[in-house]
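> There's a structure below that I have some questions on.
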Ligand code: SF4
Ligand code: SF4
Ligand code: SF4
Ligand code: SF4
Ligand code: FES
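Chains as they are written, first to last, in our numbering: chain A, 1 to 778; chain B, 1001 to 1196.
Written out as structure tokens, the structure reads:
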């Protein structure tokens, strides 16, 4: 620890701290442009000048490490004069167009010029003109004249994200920030440079000219698009969400967002947003729909009793809403049939759940079935952050295709689809066969042995096994597809002495929160509900924020279940798929329209504030619950008497006991005819998320991915093409493109792609390529 | 001035002084009489036959706003929202958009003043860095419908004949001529007696 004095105040900070951070700890503000704690010191802009006693000249606070006994002055005539000079230089070629600059009002160049700058410049020569308003991708424009060349953006993309897409071009006064080869940036994290740019050089296109910073409202929120639930700040003006920014939490989170989270905020305003209540395909009034649904509920309860009513919930709403739905089901309706709509079968016991702090300490990170970049992008960034701190980080991808990427290099084990759990049980048995837990795990494996696409020796498998057992801080990211993986994870936890943390990358985004609110999320519940529906035991279904057809792994069964129910009521932001299966569709309110708490993949509860009113006739679920209860002449108290944070120390949900380890069965390998493909489903935030007009240009036109070999065999060229697929359960057509990480014989397709329903054929199904005419004849 | 230094006057004693009362009254009536004589028909009459006749107002008169234009007819306004921010009655609504013209980045695609709320304080005119909004000397605003007819949009704020007829009123830098403007600073319409 080092003691120093800053502006006559003493402070003790760890060695290696920069003066600027030490001052920050004392609450002393030193101006900065180029410095960012996540990026480290650079010393490019010189605005952070301070005076250190016994040093002949002013020094930059961001590149000067603290030293014992240092005496620093952050103000004073010398310092102010220095900063004034720096600002004068920065403004020489600056266009001074604050009135039309979207940053005006929250710009550090403006602020510091007001604070330290001189009122007039002395430079009379004509200004140098550079590129203004040039789009560097679908979401961002650059105004090179306003840039102060702090290089934050360049360093963030190149050093932090590891995708070199921005660079400095030219020399001297003609230096500008530009994209590599003048190609649009396509990184998943491009939007962060808008937050990083201290001036108005990099600006958001969708937010462009929408407001000025002083006439808008900001609310703390979290991103609703994936289970990471990144902390955000939502900007709204006149009751309209117009921007989402990252919200850093000092010491915990840098506030990075992926482009889905930053720009996909307009799902509430797209054309398809439900604004009216529909009864039997006709628009009706809110009052009429409430009356009708109330009478349906009344009749069903009278004729068939409480257990004939079921609730299917989507797992996207707030915990408070989940709690109200459960109470409504319990107290007003008297049914225990509440299921969460899911697309994967796995479940992760809370006791195994790790946090993002585990990623910060990990020495081995294993991706199980899912590349985090696609499904939970900011987790990828956290892994990359760890890799920057610890280049020795071991990353292992285990799945049906190569899950690693160049930004965080790792070792990929490419298996037959769906064999991850069996492979891990097999691997563990190789290194610790004598252990009773491992023996139990491998009981039913029989003669299973993995086949690798791309050679892997037995030796490598053994090394993997030892790594899994012996690494000091193991983090596993699990896609939740194979329910047997739960046992493998439990066994690992039981065997290892050091920390074993699992982070579930699967959705729905708030499933942990639903669990905490008392709604069991296990897949068996959903399965039991579908079975009962098909048998005609359910007469009235409330589908709240759920879309069974889209989510449930077997589309035909989902259809049969819905068709067998007398009356199906859907509450949501959009029409569910095949709306003719629903008798009433009423408009719900969602993210940014209701206050509430969300729990993320760490089990961390975070509050999101409402910023705008729900549009049209849409209302929060609680309003509907109250009016249906009223129709039954029952009272349903909507006061928020439940607080998710009760009985919890802090914001992490308390852990519970762990279940027993079960054995992993030997996976059945389906027979593959020549030229057949295996379908592998995956969660992708871009391709499979909610509709968004802003994101539309970025969402790949070809969401399916196949190997180069298969593509050339099937005649699919650049950039991609359409492919007809026939499985046992039907036919679909998909847009596919080549991805070199996919092995031959595999077709990866995201869940939830409109028009290409993976669940029509089934995850893991063997499919044949057929001509498109055949599909359209279907 | 210190309190104890000031002179104490006994007002009631003053009131008893008939002399002061009479001179005061006489002075008052003198004004009345003078104006009575001045208003004898044929002399310079104060009363006019409104609305057939109108009086011109001061060049600093704060009447209805006008948006000024560039020589090519485009709005000068860059939609910086400063006027809307300064407006205490919150009656200015602006929406911005970009234009293809390289020299200009941002223009107001919607600019509306709700004159039924406006208090004619002129703060918007003070706030504007571009002299894109000025006030005119137009004052007669009575309408039959305040909901529709008092919402002035871009075309009402630029293209009405009245703006031309009444001429520019208050703006902060009156010592300089209004640059590149279609607005006359001097009045041509029905001049009578410019009470500057
Ligand atoms: S970057 Fe800042 S100083 Fe430059 S024009 Fe924009 S608001 Fe003004
Ligand atoms: S564009 Fe912004 S972040 Fe990038 S170098 Fe210029 S000022 Fe810095
Ligand atoms: S990683 Fe997930 S939660 Fe975070 S911004 Fe992206 S979509 Fe939103
Ligand atoms: S202050 Fe002037 S330039 Fe700015 S919005 Fe108002 S009229 Fe337009
Ligand atoms: S912040 Fe210190 S030199 Fe830029």
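The beta-carbon is built from N, C-alpha and C at its ideal position, and this holds for glycine as well. Note that the structure is a prediction, hence the values are computed from the model and not measured.
What do you reckon, are the CB atoms on residue 347 (chain A) and residue 523 (chain A) nearer than 8 Å?
Stepping through the first chain from its first residue, residue 347 (chain A) is reached at position 347. Stepping through the first chain from its first residue, residue 523 (chain A) is reached at position 523. Using a Cβ distance threshold of 8 Å, residue 347 (chain A) and residue 523 (chain A) count as a contacting pair.
> Any idea what DSSP makes of residue 241 (chain A), helix, strand or coil?
Residue mapping note: residue 241 (chain A) aligns to position 241 of the first chain, counting from 1. It is a strand residue.
> Measuring from the CB of residue 225 (chain A), is there a heavy atom of ligand 3 at a distance below 7 Å?
Here residue 225 (chain A) is taken as the residue at index 225 of the first chain, counted from 1. At least one heavy atom of ligand 3 is nearer than 7 Å to the Cβ of residue 225 (chain A), so yes.
> Any C-beta of chain B sitting closer than 8 Å to the C-beta of residue 100 (chain A)?
As a position in the first chain, residue 100 (chain A) is number 100, starting the count at 1. Closer than 8 Å: yes.
> So, for residue 1189 (chain B): in the same chain, excluding its five sequence neighbours on each side, which residues have a beta-carbon less than 6 Å away from its beta-carbon?
Translated into the one-based positions of the second chain, residue 1189 (chain B) becomes position 189. Confidence at residue 1189 (chain B) is low in this model, with a pLDDT of 41, below 50, so the placement of that residue is unreliable and no value is reported for it.
> What is the rounded straight-line gap between the Cα of residue 738 (chain A) and the Cα of residue 164 (chain A)?
In the first chain, counting from the first residue as 1, residue 738 (chain A) sits at position 738. In the first chain, counting from the first residue as 1, residue 164 (chain A) sits at position 164. If you take the alpha carbons of residue 738 (chain A) and residue 164 (chain A), they lie about 22 Å apart.
> Could you pull the start and end residues of the alpha helix (DSSP H) that residue 733 (chain A) belongs to?
Against the first chain, residue 733 (chain A) aligns to sequence position 733. Counting along the chain, residue 733 (chain A) falls outside any alpha helix (DSSP H), though it belongs to the beta strand (DSSP E) covering 730–738.
> So, is residue 708 (chain A) buried or exposed, given that buried needs 16 or more other C-beta atoms within 10 angstroms?
The sequence position of residue 708 (chain A) within the first chain is 708, counting from 1. Flag for residue 708 (chain A) reads exposed.
> By Cβ distance below 8 Å, which residues in the same chain neighbour residue 214 (chain A) in space, the five residues on each side in sequence not counted?
To locate residue 214 (chain A), count along the first chain from 1; it is residue 214. 105.
> Looking at the secondary structure, which residues open and close the beta strand (DSSP E) in which residue 1135 (chain B) lies?
Residue 1135 (chain B) sits at position 135 when you count from the first residue of the second chain. Note, residue 1135 (chain B): beta strand (DSSP E), 1133–1135.
> Provide the residue(s) that pair with residue 1111 (chain B) in DSSP beta bridges, ordered along the chain.
Here residue 1111 (chain B) is taken as the residue at index 111 of the second chain, counted from 1. Answer is B:1094, bridged to residue 1111 (chain B).
> Kindly confirm or deny that the region 78–98 of chain A and the region 35–49 of chain A touch, where touching means at least three C-beta pairs closer than 8 Å.
yes
> Measuring CA to CA, which of A:686, A:533, A:748 and A:328 is closest to residue 625 (chain A)?
Taking the first residue of the first chain as position 1, residue 625 (chain A) is located at position 625. With distances taken between Cα atoms, residue 625 (chain A) lies closest to A:328.
> Where does the unbroken beta strand (DSSP E) through residue 722 (chain A) begin, and where does it stop?
Along the first chain, one-based indexing puts residue 722 (chain A) at 722. 721–727 is the span of the beta strand (DSSP E), which, as asked, contains residue 722 (chain A).
> Could you compute how far the alpha carbon of residue 432 (chain A) sits from the alpha carbon of residue 769 (chain A)?
The count along the first chain starts at 1 and reaches residue 432 (chain A) at position 432. The count along the first chain starts at 1 and reaches residue 769 (chain A) at position 769. Rounded to the nearest angstrom, the two C-alpha atoms are 43 Å apart.
> Could you tell me the alpha carbon to alpha carbon distance between residue 1081 (chain B) and residue 1154 (chain B), rounded to whole angstroms?
Position 81 of the second chain, counting from 1, holds the residue named residue 1081 (chain B). Position 154 of the second chain, counting from 1, holds the residue named residue 1154 (chain B). Near 15 Å, if we compare the C-alpha coordinates of residue 1154 (chain B) and residue 1081 (chain B).
> Please write down, chain order preserved, every residue whose beta carbon lies under 6 Å from a heavy atom of ligand 1.
A:94, A:97, A:98, A:101, A:103, A:104, A:107, A:109, A:110, A:146, A:199 and A:200
> Taking DSSP's pairing of strands, which residues face residue 353 (chain A) in a bridge?
Numbered from its first residue, the first chain carries residue 353 (chain A) at position 353. Per the DSSP secondary-structure output, residue 353 (chain A) pairs in a beta bridge with A:502.
> Given a threshold of 16 other Cβ atoms within 10 Å of its Cβ, counted over all protein chains shown, does residue 772 (chain A) qualify as buried or as exposed?
For the purposes of this step, residue 772 (chain A) is identified with residue 772 of the first chain, where counting begins at 1. Classification of residue 772 (chain A): exposed, given that the 10 Å Cβ count is below 16.
> Would you say residue 244 (chain A) and residue 232 (chain A) are within 8 Å of each other, going by their C-beta atoms?
Working through the first chain from its first residue, we reach residue 244 (chain A) at position 244. Working through the first chain from its first residue, we reach residue 232 (chain A) at position 232. The answer is yes: Cβ separation under 8 Å.
> Check the Cβ of residue 1006 (chain B) against every Cβ in chain A and list those closer than 8 Å, keeping chain order.
As a working mapping, residue 1006 (chain B) is identified with position 6 in the second chain. Neighbours of residue 1006 (chain B) on chain A: none; closest Cβ ~44 Å, over 8 Å.
> Our contact map puts residue 21 (chain A) next to residue 73 (chain A) with C-beta atoms below 8 Å; I'd like the distance itself, whole angstroms only.
Position 21 of the first chain holds residue 21 (chain A). Position 73 of the first chain holds residue 73 (chain A). That pair is no contact at about 17 Å.
> Closer than 8 Å is the cut-off here; do at least three beta carbon pairs connect the region 501–513 of chain A with the region 473–485 of chain A?
Touching, per the Cβ criterion.
> Can you name the residues that DSSP bridges to residue 278 (chain A)?
Taking the first residue of the first chain as 1, we reach residue 278 (chain A) at position 278. Its beta-bridge partners are A:283 and A:585.
> Short of 6 Å in beta carbon distance, which residues of its chain neighbour residue 1195 (chain B), apart from the five on each side in sequence? Order them along the chain.
If you number the second chain from 1, residue 1195 (chain B) lands on position 195. Residue placement at residue 1195 (chain B) is poorly supported in this model, since its pLDDT is 38, which falls under 50; the coordinates are not used for a value here.
> Under the rule that 16 or more other beta-carbon atoms within 10 Å means buried, what is residue 414 (chain A), buried or exposed?
By 1-based counting over the first chain, the position of residue 414 (chain A) is 414. That one is buried.
> Please classify residue 808 (chain A) as buried or exposed, where buried requires at least 16 other C-beta atoms within 10 Å of its C-beta.
With chain A represented from 1 up to 778, any question about residue 808 (chain A) goes unanswered, as that position is not in the structure.
> Could you tell me whether the Cβ of residue 214 (chain A) comes closer than 8 Å to any Cβ of chain B?
Stepping through the first chain from its first residue, residue 214 (chain A) is reached at position 214. Yes - at least one Cβ of chain B is within 8 Å of the one on residue 214 (chain A).
> Under 7 Å Cβ to Cβ from residue 1143 (chain B), same chain only, skipping five residues before and after it: list those, please.
Translated into the one-based positions of the second chain, residue 1143 (chain B) becomes position 143. 1149 and 1150.
> Could you check where the alpha helix (DSSP H) with residue 511 (chain A) kicks off and where it finishes?
Looking up residue 511 (chain A) in the first chain gives position 511. It spans 511–516 - the alpha helix (DSSP H) in which residue 511 (chain A) sits, taken as one unbroken run.
> Taking DSSP's pairing of strands, which residues face residue 682 (chain A) in a bridge?
For the purposes of this step, residue 682 (chain A) is taken as the residue at position 682 of the first chain. Looking at the DSSP assignment, residue 682 (chain A) forms a beta bridge with A:750.
> Once you ignore the five residues that flank residue 170 (chain A) on each side, which residues in its own chain have a CB closer than 6 Å to its CB?
Position 170 of the first chain holds residue 170 (chain A). The answer, listed in chain order, is 176.
> Specify the secondary structure class of residue 310 (chain A) as computed by DSSP and reduced to three states.
Counting from 1 along the first chain, the entry for residue 310 (chain A) is found at position 310. Reduced to three states, the DSSP call for residue 310 (chain A) is strand.
> Comparing the C-beta of residue 1105 (chain B) with each C-beta of chain A, is any distance below 8 Å?
Here residue 1105 (chain B) refers to the residue found at position 105 when the second chain is read from its first residue. Output row for residue 1105 (chain B): interface = yes.
> Can you tell me where the beta strand (DSSP E) holding residue 3 (chain A) begins and where it ends?
Here residue 3 (chain A) refers to the residue found at position 3 when the first chain is read from its first residue. Residues 2–6.
> Given that a residue counts as buried once 16 or more other Cβ atoms are within 10 Å of its Cβ, and exposed if not, what is residue 529 (chain A)?
Stepping through the first chain from its first residue, residue 529 (chain A) is reached at position 529. Burial state of residue 529 (chain A) is buried, judged by a 10 Å Cβ sphere holding 16 or more other Cβ atoms.
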